[in-house]
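Notes for the one structure printed next.
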Amino acid sequence: MSFNVPSTHADALRDVLGRSGAGKIGNYSYCSFSIRGTGRFKPSENANPYIGSQGVLEEVEEEKVETVCHKDILHSVIESIKSAHPYEEMVIDIYPVYEMGIKK
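Everything in the sequence shown is counted per this note's numbering, starting at 448 for the first residue and increasing by one.
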C-alpha cells in the first residue's frame, strides 16, 4: 500500500502504520519506504482544505509512504490512516504482493 502525506506528518503516519500492524516483514516490523516530492491540488469551492485555499492551486512538500499490510488487517489499517491523516481527501493505493519465499 502507499499514500502521500505532507512531510510534516510523515513520521506520525509511519508510527500509525507500525502500531496498526502494517509493515511486518518476517522478523521485522515498522518496515516502510518513503520518497519526497511535490503534491499539487486545487481545492473546489466545496472543499475544506487542511492546506491551501478554495480555488487556488497549491503545492505541498509531501512524502509517498509505502509499506506492506496483510489482507486480514487491511481495513483497520486504512481506518487508522484516515483518522491520523490531515487531508480531507486522500488516495491510498492498494496493490497485491505475492510472497515468493525470497530470503538471503
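The C-beta atom is built at its ideal place from N, Cα and C for all residues, glycine as well.
The structure presented is a predicted model; accordingly, all values stated were derived computationally and were not measured.
Task: Beta-carbon gap between Glu505 and Ser454 smaller than 9 Å - done: no
- [ ] Determine the direct distance from the alpha carbon of Tyr475 to that of His456, and round the result to whole angstroms.
- [x] 23 Å
Task: Beta-carbon proximity check, His532 vs Leu460, cutoff 9 Å - done: yes
Task: Which of helix, strand or coil DSSP assigns to Ile482 - done: strand
- [ ] Tell me whether Ser527 counts as near the ligand HEM, meaning its Cβ is closer than 8 Å to at least one heavy atom of that ligand.
- [x] Summarising the ligand content, the structure contains no ligands, and the ligand HEM is consequently not present.
Task: Rounded C-alpha distance that separates Ile472 from Glu492 - done: 43 Å
Open item on the list: Just to confirm before moving on: does the CB-CB distance between Gly499 and Val512 stay below 9 Å?
Closed with: no
Open item on the list: Quick check on the burial criterion: 16 or more other C-beta atoms within 10 angstroms. Buried or exposed for Phe480?
Closed with: exposed
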